[in-house]
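Protein chains in written order, with UniProt numbering: chain H, 1 to 497; chain E, 1 to 497.
Glycine is no exception: its CB is placed at the ideal position from the N, C-alpha and C atoms.
Written below as structure tokens is the structure these notes are about.
2 protein chains.
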Amino acid sequence: MFESAERDPVMSKDDFAAREGALRTALLQRQYALLEKADRTVLLVVAGIDGAGKGSTVNQLNEWMDPRNIHTLAFGTETPESAQRPPLWQYWNALPPKGQLGIVFDSWYAPLMAEASSKHPDPDAIAFLAAEIQRFEALLAADGVQIVKLWYHLSRDAQAGRIRKQLADPATAWRVSKADRLVHKRYDRLRKAGETVIAATQSPHAPWQVVPGADDRMRMVTTATALLDAFNRKLPKVVAQPAQVGAPAFVLRSPHASMPAAMLPTAPMSPESYEVRMDAAQARLGQLVRNKAFRDRSLVLVFEGIDAAGKGGAIRRITHALDARQYSVMPVSAPTDMEKAHPYLWRFWNRLPTHGRVAIFDRSWYGRVLVERVEKLIGPEVWRRAYDEINDFESQLQESGAVVIKFWLAVSQEEQLRRFNERAETPFKRFKLTPDDWRNRDKWEDYRKAADAMFERTDTVGAPWHVVATDDKRQARVQVIEAVTNGLAKALGKRGL
Amino acid sequence: MFESAERDPVMSKDDFAAREGALRTALLQRQYALLEKADRTVLLVVAGIDGAGKGSTVNQLNEWMDPRNIHTLAFGTETPESAQRPPLWQYWNALPPKGQLGIVFDSWYAPLMAEASSKHPDPDAIAFLAAEIQRFEALLAADGVQIVKLWYHLSRDAQAGRIRKQLADPATAWRVSKADRLVHKRYDRLRKAGETVIAATQSPHAPWQVVPGADDRMRMVTTATALLDAFNRKLPKVVAQPAQVGAPAFVLRSPHASMPAAMLPTAPMSPESYEVRMDAAQARLGQLVRNKAFRDRSLVLVFEGIDAAGKGGAIRRITHALDARQYSVMPVSAPTDMEKAHPYLWRFWNRLPTHGRVAIFDRSWYGRVLVERVEKLIGPEVWRRAYDEINDFESQLQESGAVVIKFWLAVSQEEQLRRFNERAETPFKRFKLTPDDWRNRDKWEDYRKAADAMFERTDTVGAPWHVVATDDKRQARVQVIEAVTNGLAKALGKRGL
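Printed below as a string of structure tokens:
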């Protein structure tokens, strides 16, 4: 695949002069059309072999186009911010909104490229990393991000010449790292790694194109043409279920959680035993999050459920045991305009806790397969692929050290009605009751169906659902906090605590 | 000031029951009115002596009001994110937009309280820290943030009793830190520190109120009443020039920078000497930012100037010497709605570089005293106070390790016209030219006057202005990058480099 680039094609000054103006004008027009329409984000991934002019290309594109609407996503070594989150976090975090162009330099291909160019590449590791990339790119592509990937390449001789030239000039010598000086010794290995990477991650919705890098003019014209092609194409349809590429990192529980048959517990919990168990659980939770073992972990709690099922009350019993500096409660409602201009999961990626902290989601990313499904805010193809996207997201969370525990709070229709009426009658509770709540009551069966499908598809061993009947509030709150302490103690290896 | 609180007043269950409903309803109504009007942010600062129920108050307010519109600002120990920025950064960063309520727990009073309650308090340190707080609060208050400060206090006996009670109960024992156990031994010292802190930071626009903390019911009713009062008051007018409280941390240069008398340099720079000097400067810059000494510093570059003065070109000559992973160029234009819902400097606080990085502002916070002044987007009282607010901001930047260098690029009217016409004629340069640019030409004198005032008031020794005539682009670009390398080398103590 590199034959043509290794011929190091050259463009004459005159040829270039004849094309530069038209290319720059067209790029600018397309960039403004994108901004105007704001129907997608365009991501240009700049990758390839060292010495092939990647850095200069990024600088040049910023000069040719309007840099105010270009975002360079370039992350070198791990930062304190990124080290405590999943590897893809920084790309999610910096993802430009629709209408904008992102240039990704030093991209999510770095770990795969490092493995593929190592002395003894591990085929399993390569397959795993490539699948991770494919899932990520398919998810972005399905959610409004157009990905164009350019691989810069040149011949061994041209590479050696370029590095010699840079080293000779004090103004550019700094650009040549020790690694670069070794690079031309490793040319064959890097070339082979490039072939592996491209083959393993080629896809119709995120295609690779090889760009000859030896000649500046040829490189820029090829780059600009490829980018223009992308601007002119429609956002390609994603064929595969994005999150199903490769072996999934999650295992579904069997049997999975399900809605309780009878809503009421056999005997309501007495205030006395409630107090004893709640106090004990809060004390235990307080100890667990203060334990050394929690310093490189985090806790992510998800609360979903029917309106008036008691999410707020259950959450407050948990936060009561925590220091206000250690947790955030994140209420999730309809997305803002900025959130709508990004893929669905973006706003949750942006709220991931650092180590030693607790993030509590009062409603969550499951809105996709609950309210958005039931209210038909999205098509079936969108919520159908969401299950595995969510499983994949939660797997990445766990890999980065998060303990993920999910709750579905279920209330009976009769008890819900009683609580609605109580809210309507108490002035300071009225704000909790909206016309939506009454409307949602009519859709009880739809929500039940959606919840059942959700349990079937997202009740994983690593991030289990706990279904809690909440007609008896005391019983429910104790069950919730005890599920949190048990889950956390297990994950920290501190069951005795 | 603590006499009344130290009587540990108590409210009966019946009295409380009679008032709770009305208070909660009123708080909710006010909270929704605030959200609706969105004319200000309300910040409730919760401070005071240990054991006076601060944590419970925060939890309770979240229960009494709609927690979806309450932001708890609670920062414990330094995080990796905050350690590399000025101390106030995390508060700026988490500041809720207008319409929302922020509860500040463990606030910007922590360093002052630590000093005031130390064994041998240093009056100078106290004065310095108090002035810093006053400047911060005055700036917020002047820019649409209403601050209410509650100091929770109780008698020595009540405090001792409360700590004993918490320690006896396993569910609350964890809340009592080792520091707390010592606290009642230090009661007198903390009480005195509280008096010092309140006296040093009392102000009409950010008033303190002492809340009796021994009795839960009395504490909540007093808190709710104080918050309601604040909701019902108008945003108070700030009398003092916010940034002038206390000894300023900046020194103005004398003589200060000024507009060049003649625009054209005596002799234009030849392409040959341009290349030699530019290459040398880029190489030097590359070495400086890679130097060990830069690892706990950062570089903040500000570019202002007349349209078509060549900001973009000068910036690109700098970034050319940098690794794309090490810098960000931040173009600044009209604020977004979210930015308008915050104090003016908020969006710049949000973009501060971590250590080892370069942040380049293509236009900046000086827009306040340039375009916003000239276009009359704000009143004179606003831009007049902006000079010292900006100096204070830049001082804080420097204290956190940033090297701040500012450029004003000046072009002659004739050369500007020539460049405008060139842009109009070249298709791929046309996007740089807007109708605003032509309109601004008519306001040449206004901008000149605004720039002169800006130099007079913000050309500080720590963050100097460099005025560069740019009719000769080569001369200008060399001057800019050499000013950067010289300034950076000096700050790093690497003049020889």
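Task: Local conformation of residue 224 of chain E per DSSP, three classes - done: DSSP places residue 224 of chain E in helix when its eight states are reduced to three.
Task: Buried or exposed by the 16-neighbour rule on C-beta atoms within 10 Å, applied to residue 444 of chain E - done: It is exposed - the Cβ of residue 444 of chain E has fewer than 16 other Cβ atoms within 10 Å.
Open item on the list: Rounded to whole angstroms, what is the Cα-Cα separation between residue 168 of chain H and residue 357 of chain E?
Closed with: A direct Cα-Cα distance of roughly 27 Å separates residue 168 of chain H from residue 357 of chain E.
Open item on the list: Would residue 8 of chain E and residue 212 of chain E qualify as a contact pair, given that the criterion is a beta-carbon distance under 8 Å?
Closed with: Residue 212 of chain E sits close to residue 8 of chain E, with the two beta carbons spaced by under 8 Å.
- [ ] Identify, in the order they occur along the chain, each residue of the same chain with its Cβ nearer than 8 Å to the Cβ of residue 235 of chain H, setting aside the five sequence neighbours on each side.
- [x] Residues 39, 40, 141, 144 and 146 of the same chain have their beta carbon placed closer than 8 Å to that of residue 235 of chain H, with the five preceding and five following residues left out of the count.
Open item on the list: What does the alpha-carbon distance come out to for the pair residue 204 of chain H and residue 233 of chain H?
Closed with: Taking the straight line from one Cα to the other gives about 12 Å.
Task: Cβ-Cβ distance between residue 224 of chain E and residue 209 of chain E below 8 Å - done: The Cβ atoms of residue 224 of chain E and residue 209 of chain E lie no closer than 8 Å to each other.
- [ ] Return yes when the Cβ of residue 253 of chain H is within less than 8 Å of the Cβ of residue 464 of chain H, no when it is not.
- [x] Yes.
Task: residue 119 of chain H - DSSP class collapsed to helix/strand/coil - done: Three-state result, residue 119 of chain H: coil.
Open item on the list: DSSP has residue 327 of chain E in a bridge; who is on the other side?
Closed with: DSSP links residue 327 of chain E through a beta bridge to E/358.
- [ ] Taking only heavy atoms of the ligand MN into account, decide whether any of them is closer than 7 Å to the Cβ of residue 377 of chain H.
- [x] Absence of the ligand MN from the depicted structure is noted, as is the absence of any ligand whatsoever, leaving it without description.
- [ ] Count the other CB atoms, across all protein chains shown, that sit within 10 Å of the CB of residue 342 of chain H; report buried if there are 16 or more and exposed otherwise.
- [x] Around the beta carbon of residue 342 of chain H, 16 or more other beta carbons sit within 10 angstroms, so the residue counts as buried.
Open item on the list: Counting beta carbon pairs with one atom in the stretch 449-459 of chain H and one in the stretch 385-400 of chain H, are three or more of them shorter than 8 Å?
Closed with: Verdict: yes, contact present.
Task: Counterpart residues of residue 212 of chain E in DSSP-defined beta bridges - done: The partner list for residue 212 of chain E (beta bridge, DSSP) reads E/153.
Open item on the list: Rounding to the nearest angstrom, what Cα-Cα distance links residue 107 of chain E and residue 30 of chain E in this structure?
Closed with: Rounded to whole angstroms, residue 107 of chain E and residue 30 of chain E show a C-alpha spacing of 24 Å.
Task: Burial state of residue 84 of chain E, where buried means 16 or more other Cβ atoms lie within 10 Å - done: Buried, because 16 or more other Cβ atoms sit within 10 Å of the Cβ of residue 84 of chain E.
Task: CB of residue 294 of chain E within 8 Å of CB of residue 288 of chain E, strictly - done: Yes.
- [ ] Enumerate in chain order the residues of its own chain whose CB-to-CB distance from residue 448 of chain H is below 7 Å, with the five nearest sequence positions on each side excluded.
- [x] Counting only Cβ-Cβ distances below 7 Å, and skipping sequence neighbours, we find 259.
Task: Run of the alpha helix (DSSP H) containing residue 201 of chain E, from where it starts to where it stops - done: Under the DSSP assignment, residue 201 of chain E falls in the alpha helix (DSSP H) whose first and last residues are 187-201.
Task: Runs of beta strand (DSSP E) lying entirely within the stretch 36-89 of chain H, each at least 3 residues, in chain order - done: Under the rule that a run must span 3 or more residues, the beta strand (DSSP E) segments found entirely inside the stretch 36-89 of chain H read 41-48 and 70-74.
TODO: Run down chain H in chain order and give the residues with a C-beta less than 9 Å from the C-beta of residue 232 of chain E.
DONE: Listed along chain H, no residue sits closer than 9 Å to residue 232 of chain E by beta-carbon distance, the nearest being about 18 Å off.
Task: Run of the beta strand (DSSP E) containing residue 298 of chain E, from where it starts to where it stops - done: It spans 298-305 - the beta strand (DSSP E) in which residue 298 of chain E sits, taken as one unbroken run.
TODO: Step through the CB atoms of chain E and report whether any lies within less than 8 Å of the CB of residue 331 of chain H.
DONE: Judged by the 8 Å Cβ criterion, residue 331 of chain H is in contact with chain E.
TODO: With DSSP collapsed to three states, give me the class of residue 234 of chain H.
DONE: Note: residue 234 of chain H maps to coil in three-state DSSP.
TODO: Leaving out five residues on either side along the sequence, give the residues of the same chain with a beta carbon under 6 Å from the beta carbon of residue 217 of chain H.
DONE: Closer than 6 Å at the Cβ level, and outside the excluded window around residue 217 of chain H, lie 11 and 16.
- [ ] May I have a chain-ordered list of the alpha helix (DSSP H) segments no shorter than 4 residues that lie completely inside the stretch 391-431 of chain E?
- [x] Annotation: the stretch 391-431 of chain E contains the following complete segments of the alpha helix (DSSP H) (minimum length 4 residues), in chain order: 413-425.
Open item on the list: Taking 8 Å as the threshold (beta carbon to beta carbon), is residue 534 of chain H in contact with chain E?
Closed with: Given a span of 1 to 497 for chain H in the structure shown, any question on residue 534 of chain H remains unanswerable.
- [ ] Check distances from the C-beta atoms of the stretch 425-438 of chain H to those of chain E and list, in chain order, the residues that come in under 7 Å.
- [x] Listed in sequence order: 427, 428 and 431.
- [ ] Mind checking the stretch 36-59 of chain H against chain E and listing, in chain order, the residues whose C-beta falls within less than 7 Å of any C-beta there?
- [x] Flagged, chain order: 55, 58 and 59.
Open item on the list: Rounded to whole angstroms, what is the Cα-Cα separation between residue 440 of chain H and residue 485 of chain H?
Closed with: If you take the alpha carbons of residue 440 of chain H and residue 485 of chain H, they lie about 32 Å apart.
- [ ] Give a yes or no on whether the C-beta atoms belonging to residue 462 of chain E and residue 250 of chain E are separated by under 8 Å.
- [x] Yes. Within cutoff.
Open item on the list: Is it buried or exposed, residue 222 of chain H, if we count other Cβ atoms within 10 angstroms and call 16 or more buried?
Closed with: Flag for residue 222 of chain H reads buried.
Task: Other residues of its chain near residue 28 of chain E: CB distance less than 7 Å, five sequence neighbours each side excluded - done: So the list reads 65 and 66, once near-sequence residues are dropped.
Open item on the list: Just verifying my parser: in three-state terms, what is the DSSP assignment at residue 29 of chain H?
Closed with: Three-state result, residue 29 of chain H: helix.
Task: Boundaries of the beta strand (DSSP E) in which residue 105 of chain E is found, first to last residue - done: That run of the beta strand (DSSP E) goes 101-105.
TODO: Could you tell me the boundaries of the alpha helix (DSSP H) in which residue 374 of chain H lies?
DONE: Run containing residue 374 of chain H: 371-374, per the alpha helix (DSSP H) assignment.
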